[in-house]
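Q: Please find one structure pasted underneath; my questions will follow.
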């Protein structure tokens, strides 16, 4: 973990509410594992006070977009409140204060078929997971991405370019599949079930819970990345507790990636 | 951090029988047990390291949500989650001793007997420099803040703990006491060697869309830059009206903030929530105080403690 003052090399607005940043700083991203996150300071002042946690979206900067510094990475964020609203105002060349990488990332896939399941902006760290997978594993991987509507299906092309098979679902409006991402996954399950699948899930809490409980019922190994507002990001303030079957765990230090069987899903507040 | 080499500037301070090489500590509960390997926290470089509040038995803490951001501040309702004294002694204290950290253990009980029991157990451990009694946590129903708000109860509790330990004894007060000077004086007369002014302020926040509280417990403790003027006033009042040495804690986010407290009369300071925003804050505060002393031609930090000029007497 290190403090960085990174240069914002590029900003892509993928949707009125969704931003992708390319950040450059010496050493940034080099030591990060997919699923780990950075604590980003919102401004120079103290209101909003706390840093915002964002998962590493991609290691390195995109081809043709890197500046003089070659180290860096991307984050993907959705505007949901005052902090992200302030961050959405930042532009190319701004200096961003962040520290990381933090937490426990995605466990290494050891064989079989990786199945990525994302809801909305939850796709952020799954792109990094796919990027870092060995080529053979990645080509056999499949991603299920769900969103409320078609214009909120993010990063489909990124995953396809990496060689994954991508299926999408929308909850309303036009789309190839109308329903939840779990319904989409179930619709394709027969194609996958016999290939030793293991699930990597990230998205809104209710969606993550539904997929995790379903996976447990199927006896399929499943990792989940949980989100939480955080105080310190380093495991000392105990502000981001989540109820596990063994007691409280810290999303920032014991997670954000958990084995789905660790979590007490009945106690999870899905807001 | 190089606080061992003082150069021409003296930074050591004494708080009763506790002597520390510089006046900067962390606030309990904002830096864990000191062994989490935070790269910007060298606990041995602090005047003293203050542990997360410990009780005899481990505590699970409150359900989430445990924190809520407020203007220039945050509310917390952690619920005194801790590993218990035995696990601390086994898993964390040896590492702190090895690094030569001056360890202040923050502790609490649910009853008077619980406080005494905790103090006895902690006094039997090798490597504890002092105890900080928490009589001010807003997040537990039993004990804690109830003691801190009633000077007579507080006097009795501190006297009992004083009888159970030979270690330097600090008492962390609640800012929500009816009269914090009376509380400080009661602790002092019962044998406390210093008081920490202060813990968080009871507060709350509401999610207006859901019409529900933003903390699982409804209310919790407010910390951060938002509280600094409030705590500065209390630290000044106690320093002015009582002979008890004051350790100030509340909203420090820069060396200048720490200097405000020292000038107002605090002999030492604690850095808490500000370190979440700026992990390098401890070092910046220590170095910033030293730079200030150098700039103002002062040889020792104690020369500026209580050096506030032009301040009228407190009302009442």
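Chains as they are written, first to last, in my numbering: chain F, 3 to 273; chain H, 10 to 325.
Glycine included, C-beta positions come from ideal geometry on N, C-alpha and C.
Here's a check: name, in chain order, each residue in its chain whose Cβ is nearer than 8 Å to the Cβ of residue 212(F), leaving out the five neighbours to either side.
A: Same-chain partners within the cutoff: 182 and 184.
Q: The alpha helix (DSSP H) with residue 218(H) in it runs from where to where?
A: Run containing residue 218(H): none; DSSP gives neither H nor E here.
Q: Under 8 Å, do residue 142(H) and residue 181(H) count as touching if we go by C-beta distance?
A: Contact: yes.
Q: With a threshold of 8 Å on Cβ separation, who are the neighbours of residue 64(H) within its own chain once the five nearest residues in sequence on each side are excluded?
A: These residues qualify, in order along the chain: 89, 91, 93, 94, 116, 117, 118, 119, 123 and 127.
Q: Since residue 277(H) and residue 248(H) are thought to touch, with beta carbons under 8 Å apart, how far apart are those beta carbons, to the nearest angstrom?
A: Incorrect: roughly 12 Å between the Cβ atoms, too far for contact.
Q: With DSSP as the reference, label residue 190(H) as helix, strand or coil.
A: Correct three-state label for residue 190(H): helix.
Q: My assumption, with CB atoms under 8 Å, is that residue 55(F) sits in contact with residue 41(F). Please give the rounded CB distance.
A: Right, their Cβ atoms sit about 6 Å apart.
Q: Report yes if the CB atom of residue 236(H) is closer than 8 Å to the CB atom of residue 210(H), and no otherwise.
A: The answer is yes: Cβ separation under 8 Å.
Q: How big is the Cα-Cα spacing for residue 186(F) and residue 108(F)?
A: Cα-Cα distance, rounded: 23 Å.
Q: Do we get a CB-CB distance below 8 Å when we pair residue 56(F) with the residues of chain H?
A: With 8 Å as the cut-off, residue 56(F) does not count as an interface residue toward chain H.
Q: Only counting runs of 3 or more residues, tell me where the beta strand (DSSP E) segments fall wholly within the stretch 125-207 of chain F, in order along the chain.
A: Whole beta strand (DSSP E) segments, 3+ residues: 144-149, 167-172 and 199-204.
Q: Give a yes or no on whether the minimum CB-CB distance between residue 269(H) and chain F is below 8 Å.
A: Not an interface residue.
Q: Output needed for residue 98(H): all residues of its chain with C-beta closer than 7 Å, excluding positions within five of it in sequence on either side, in chain order.
A: Once the five neighbours on either side are set aside, the close Cβ partners of residue 98(H) are 134.
Q: Mind checking the stretch 30-60 of chain H against chain F and listing, in chain order, the residues whose C-beta falls within less than 8 Å of any C-beta there?
A: Listed in sequence order: 38, 39, 40, 41, 45, 47, 48 and 49.
Q: As a quick exercise: from 238(H), 159(H), 221(H) and 290(H), pick the residue whose alpha carbon is nearest that of residue 193(H).
A: If we check each option's Cα against that of residue 193(H), 159(H) comes out closest.
Q: Using beta carbons (cut-off 8 Å, strictly below), is residue 246(F) in contact with chain H?
A: For residue 246(F), the answer is no, since every Cβ of chain H falls outside 8 Å of its Cβ.
Q: Is there a C-beta anywhere in chain F that falls below 8 Å from the one on residue 83(H)?
A: At least one chain F Cβ lies under 8 Å of residue 83(H).
Q: Which chain H residues sit within Cβ distance under 9 Å of residue 53(F)?
A: Within chain H, the residues near residue 53(F) are 285 and 286.
Q: Beta carbons nearer than 7 Å to chain H: which residues of the stretch 223-241 of chain F have them?
A: Residues 231, 233, 234, 236, 237, 238, 239, 240 and 241.
Q: With 8 Å as the threshold, decide whether the Cβ of residue 90(H) is near any Cβ in chain F.
A: So, interface residue.
Q: Starting from residue 50(F), find everything on chain H with Cβ-Cβ shorter than 7 Å and list it in chain order.
A: Within 7 Å Cβ-Cβ: 78.
Q: Closer than 7 Å by C-beta to residue 157(H): which residues in its own chain qualify, once you throw out the five before and the five after it? Chain order, please.
A: Excluding residues within five positions, the ones whose Cβ falls inside 7 Å are 144, 145, 163, 182, 183, 186 and 192.
Q: Is the separation between the beta-carbon of residue 233(F) and that of residue 241(F) shorter than 8 Å?
A: Cβ atoms of residue 233(F) and residue 241(F): closer than 8 Å.
Q: Quick one: what's residue 139(H) bridged to in DSSP?
A: In the DSSP output, where bridge partners are listed per residue, residue 139(H) has 113(H).
Q: Do you know how far the Cα of residue 214(F) is from the Cα of residue 271(F)?
A: If I take the Cα positions, the gap works out to 15 Å.
Q: Which residues bound the beta strand (DSSP E) around residue 17(F)?
A: 4-17 is the span of the beta strand (DSSP E), which, as asked, contains residue 17(F).
Q: Taking the beta carbon of residue 266(H) as the centre, do at least 16 other beta carbons fall within 10 Å, making it buried, or is it exposed?
A: Its Cβ being crowded by 16 or more others within 10 Å, residue 266(H) is buried.
Q: Let me see if you follow: with CB-CB separation under 8 Å, is residue 72(H) close to chain F or not?
A: So, interface residue.
Q: Just the C-alpha distance for residue 219(F) and residue 32(F), rounded to the nearest angstrom, thanks.
A: C-alpha separation (whole angstroms): 38 Å.
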